[in-house]
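Residue numbers (my numbering): 9 to 171. Cβ atoms here follow ideal geometry from the backbone N, Cα and C, with glycine treated the same way. Taking it in order: structure first as structure tokens, then the write-up.
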Ligand SMILES: [Zn+2]
């Protein structure tokens, strides 16, 4: 179980992966230092919005990773049926846009491209393939609701060749 960007807030039981002060220190945008299909759970809370979207539709998603490259990499390290949990400010609220260090924007529809055959054809070089177990939105606390900071959660399962 690994927690991306989790130097200071990885839940118990997770191995944190971050630039510094983590269990595993590395620049995640240059690849995860794990063999393919070896990870059971990848947690990304307040993480994906710090990875930039593709510059345009000719993007090859190479390092340093754009969001598609990052999703491909997460899928690469996950075991078949491994879990990916994402929790990020939704573009349906203010949280996605208020922080100047946010460079990608997410809502429930964002996960269609990684989970639905019809949508994924619009993104070239997309190898990440997931089954959406649950995608939802919520306010994490009354404070978040008061400040219009809605979150989108996604619980996805890696679809991979078991061989
Ligand atoms: Zn890209």
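{"Asked": "Measuring alpha carbon to alpha carbon, tell me which residue in 22, 59 and 136 is nearest residue 88.", "Found": "136"}
{"Asked": "Once you ignore the five residues that flank residue 53 on each side, which residues in its own chain have a CB closer than 6 Å to its CB?", "Found": "95"}
{"Asked": "I want to check one thing, is the minimum distance from the CB of residue 69 to the heavy atoms of ligand 1 below 7 Å?", "Found": "yes"}
{"Asked": "In whole angstroms, give me the CA-to-CA distance for residue 44 and residue 148.", "Found": "33 Å"}
{"Asked": "Figure out for me which residue from 11, 26, 155 and 36 has the closest Cα to the Cα of residue 101.", "Found": "155"}
{"Asked": "Does the Cβ of residue 34 lie closer than 7 Å to at least one heavy atom of ligand 1?", "Found": "no"}
{"Asked": "Nearest to residue 143 by CA position, among 159, 24, 68 and 69, is which residue?", "Found": "159"}
{"Asked": "So for residue 93, helix, strand or coil by DSSP?", "Found": "strand"}
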